[in-house]
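Chemist:
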Amino acid sequence: MLSAILGTVAVVSAGINIWQWIAAGRFPLHRREGMNTPSGSLAVPRDGVTLLKPVKGADDETRACLESWFTQDYRGPMQILFGVADANDPVCAVVRDLQKQHPDCDVQLVICDPILGANAKVSTLTYLEKNARHPFWIISDADVFAPRDLLSEIISKFTAADVALVNCFYKLPPAGSVAMIWENIGVNADFWSQVCQSNSLKPMNFALGAVMGVRREAIETIGGFKALLNQLADDYQLGKRLADSGKRIELCNVVVECREPAKKFADVWKHQLRWARTIRVCQPEPYFASVLSNTTVWVIYWMAFSPDSMLAPLCLIIRTFTAMHNEFRLTRRITEALESIFTFAKDLLQFVVWLCAFAGNSVVWRGERFLVKRGGELVRIQG
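In short: position in the sequence shown from 1, add 16, done, that's my numbering.
1. Below 7 Å CB to CB, which residues in the same chain sit around Ile21 once its five sequence neighbours on both sides are set aside?
2. With distances taken Cα to Cα, identify the nearest neighbour of Ala292 among Gly225, Arg47, Val369 and Leu217.
3. Per the contact definition of three or more C-beta pairs closer than 8 Å, is the region 160 to 174 in contact with the region 246 to 264?
4. So, with DSSP's three-state summary, where would you put Gln117?
5. Quick test of the definition: if touching needs 3 or more C-beta pairs under 8 Å, does the region 353 to 362 touch the region 331 to 338?
6. Just verifying my parser: in three-state terms, what is the DSSP assignment at Cys274?
7. Does the beta-carbon of Pro411 have 16 or more other beta-carbons within 10 angstroms, so that it is buried, or is it exposed?
8. Mapping DSSP to helix, strand and coil, what is Gln88?
9. Which of the three DSSP states is assigned to Lys187 in this structure?
10. Taking DSSP as the reference, what is the three-state secondary structure of Pro70?
11. CA-CA distance, Ser378 and Ser261?
12. State whether the region 185 to 203 contacts the region 216 to 227, with contact taken as three or more CB pairs (one from each stretch) at a distance under 8 Å.
13. Between Gln88 and Leu144, which are expected to be in contact by the criterion C-beta below 8 Å, what is the C-beta distance as a whole number of angstroms?
14. Specify whether the region 63 to 83 and the region 100 to 116 touch according to this definition: at least 3 beta carbon pairs, one from each stretch, less than 8 Å apart.
15. If I measure Cβ to Cβ from Pro54 and keep anything under 6 Å in the same chain, skipping five residues before and after, which residues do I get?
16. For Met94, which beta-bridge partners are listed by DSSP?
17. So what's Leu327 in DSSP terms, helix, strand or just coil?
18. Rounding to the nearest angstrom, what Cα-Cα distance links Asp105 and Phe152 in this structure?
19. Could you check the C-alpha separation between Gln253 and Arg91 for me, to the nearest Å?
20. Kindly indicate if chain D contains any beta-carbon less than 8 Å away from that of Leu167.
21. Going straight from the alpha carbon of Lys389 to that of Asp324, what length do you get?
22. Within the same chain, show all residues whose beta-carbon is closer than 7 Å to that of Gly192, passing over the 5 residues directly before and after it, in chain order.
23. Near Arg264, which residues of its chain fall below 6 Å by C-beta distance, leaving aside the five closest residues on each side in sequence?
24. When burial is assigned at 16 or more other CB atoms within 10 Å of the CB, is Phe281 buried or exposed?
25. Within the same chain, show all residues whose beta-carbon is closer than 6 Å to that of Glu276, passing over the 5 residues directly before and after it, in chain order.
26. In this structure, what does DSSP give as the bridge partners for Trp153?
27. How big is the Cα-Cα spacing for Ile238 and Arg231?
28. Find out if the Cβ-Cβ distance for the pair Cys12, Glu169 is shorter than 8 Å.
29. Given this structure, state the Cα-to-Cα distance separating Val395 from Ile350, to the nearest angstrom.
30. Mapping DSSP to helix, strand and coil, what is Asn377?
31. What residues match up with Phe161 in a beta bridge as DSSP calls it?
32. In angstroms with no decimal places, state the Cα-to-Cα distance between Ala243 and Val126.
33. Can you tell me whether Leu258 is buried or exposed? The criterion is at least 16 other CB atoms within 10 Å of its CB, across all chains shown.
This is how it looks when you write it as structure tokens:
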């Protein structure tokens, strides 16, 4: 009896993987919608855009990531606002050097001190919005490398008046450590396909924080960034509040790359646990049900009680194949697709994280410990 139940759950889990794979396959990933003129040149919108860019620290990729925004193929007016909490932060020197290298760009470095709430990134955005001049804002993480046509593609999605936010999928570069293989499979294979699956059920009501394009008036109607000062999942909350106000959220076809430094196992663990607890408090029911898509775990349980099953290995093959194909579609690199050979190890680690997410409500973020209250509100833990 137990073997039959576990077998049913494992087959259902493999079916969920197939569903995610099909939903991802239907999304026009990488397709450029701006290439619609007879000559094939970009039909670029001319709306004014302000880039709001919170930055902190500098690594080997920082300059290239920041400079990718200076070289956008965008014909409308563009303002770039960098925000940093500490005037002595080494990233300030990088920004000032880029200002000298690109004197024709409208660039400003804003010192955002003191920090206004528990979420330091949103605190920076609260300062930056006061200096923004244009009707469209782009919010981007510091480690994002942007393709040259990203702005054009994002702004072209705002044709309909009810579109308030446009975001896009992101990928991670080839793993720089063994631990990063876990992170890479989670982002490059699973996360984006799960988003596509969710969007196949209902209109998108959350946002992906790597890059978000928003209408200024839409943010103002929900109280500006200051309304999110104490939220951990500020991107999720921004999207949810805009969707709840009756606005539409769209996905851009362009994929950006987050060039974060390679992490050690302990860093990946903290990141995954923070992400898991954030999802659990924001979407408790979907998070609890998410374990159904962990095919590897259910197959292992099934094989423990029914080692002669012929379907169990097939479920594992389905899981590995769908992950590998999803990762190749997103990254367009066979080397990263091959990382999905280790999907079984990632699934086992993810199951442990899934369990640990229920064991507490604290997270470590930017070197500080916070308590995450129901709904995603952050409370700093002293000491």
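Note that CB positions come from ideal geometry on N, CA and C, so glycine has one too.
Modeler: The short version:
1. The sequence position of residue 21 within the sequence shown is 5, counting from 1. Excluding positions up to five away in sequence, the list is empty.
2. In the sequence shown, the residue the question calls residue 292 occupies position 276. When each option's Cα is compared against that of Ala292, the closest is Val369.
3. no
4. Locating residue 117 in the sequence shown gives position 101, where the first residue counts as 1. Looking at Gln117 - three-state DSSP - the assignment turns out to be helix.
5. yes
6. Here residue 274 is taken as the residue at index 258 of the sequence shown, counted from 1. Here Cys274 sits in strand by DSSP.
7. Given that the chain is displayed from residue 17 to residue 399, the structure contains no residue 411 and the question cannot be resolved.
8. Your numbering for residue 88 matches position 72 in the sequence shown. Coil at Gln88, not helix or strand.
9. In the sequence shown, residue 187 corresponds to position 171, counting from 1. In the structure shown, Lys187 sits in a strand (DSSP, three-state: E or B).
10. Position 54 of the sequence shown, counting from 1, holds the residue named residue 70. Strand.
11. The sequence position of residue 378 within the sequence shown is 362, counting from 1. The sequence position of residue 261 within the sequence shown is 245, counting from 1. Looking at the two C-alpha atoms, the distance is approximately 30 Å.
12. yes
13. Numbered from its first residue, the sequence shown carries residue 88 at position 72. Numbered from its first residue, the sequence shown carries residue 144 at position 128. The Cβ separation is near 18 Å, so there is no contact.
14. yes
15. Translated into the one-based positions of the sequence shown, residue 54 becomes position 38. In this predicted model, Pro54 has a pLDDT of only 39, less than 50, meaning its place in the structure is not dependable enough to derive any value.
16. The sequence position of residue 94 within the sequence shown is 78, counting from 1. Paired residue(s): Val65.
17. Taking the first residue of the sequence shown as position 1, residue 327 is located at position 311. Residue state, collapsed to three classes: helix.
18. Here residue 105 refers to the residue found at position 89 when the sequence shown is read from its first residue. Here residue 152 refers to the residue found at position 136 when the sequence shown is read from its first residue. Spanning the two alpha carbons is a distance of roughly 28 Å.
19. Along the sequence shown, read from residue 1 onward, the residue named residue 253 stands at position 237. Along the sequence shown, read from residue 1 onward, the residue named residue 91 stands at position 75. So the two alpha carbons sit approximately 31 Å from each other.
20. Although the question refers to chain D, the structure presented lacks it and comprises just one protein chain.
21. Position 373 of the sequence shown, counting from 1, holds the residue named residue 389. Position 308 of the sequence shown, counting from 1, holds the residue named residue 324. Cα to Cα, Lys389 sits roughly 46 Å from Asp324.
22. Position 176 of the sequence shown holds residue 192. Correct list, in chain order: Ala278.
23. Against the sequence shown, residue 264 aligns to sequence position 248. The answer, listed in chain order, is Asp178 and Val179.
24. Numbered from its first residue, the sequence shown carries residue 281 at position 265. Burial call: exposed.
25. Taking the first residue of the sequence shown as position 1, residue 276 is located at position 260. Asp159, listed in sequence order.
26. What you label residue 153 is simply residue 137 of the sequence shown in a count that begins at 1. For Trp153, which the question treats as bridged, DSSP gives the partners Thr66 and Val230.
27. For the purposes of this step, residue 238 is taken as the residue at position 222 of the sequence shown. For the purposes of this step, residue 231 is taken as the residue at position 215 of the sequence shown. Their Cα atoms are separated by approximately 12 Å.
28. The requested residue 12 is not part of the displayed model; the chain covers only 17 to 399.
29. In the sequence shown, residue 395 corresponds to position 379, counting from 1. In the sequence shown, residue 350 corresponds to position 334, counting from 1. C-alpha separation (whole angstroms): 43 Å.
30. If you number the sequence shown from 1, residue 377 lands on position 361. Note: Asn377 maps to coil in three-state DSSP.
31. As a working note, residue 161 is residue 145 in the sequence shown. Per DSSP, Glu273.
32. Along the sequence shown, one-based indexing puts residue 243 at 227. Along the sequence shown, one-based indexing puts residue 126 at 110. Whole-angstrom Cα-Cα distance: 21 Å.
33. Numbered from its first residue, the sequence shown carries residue 258 at position 242. So Leu258 counts as buried.
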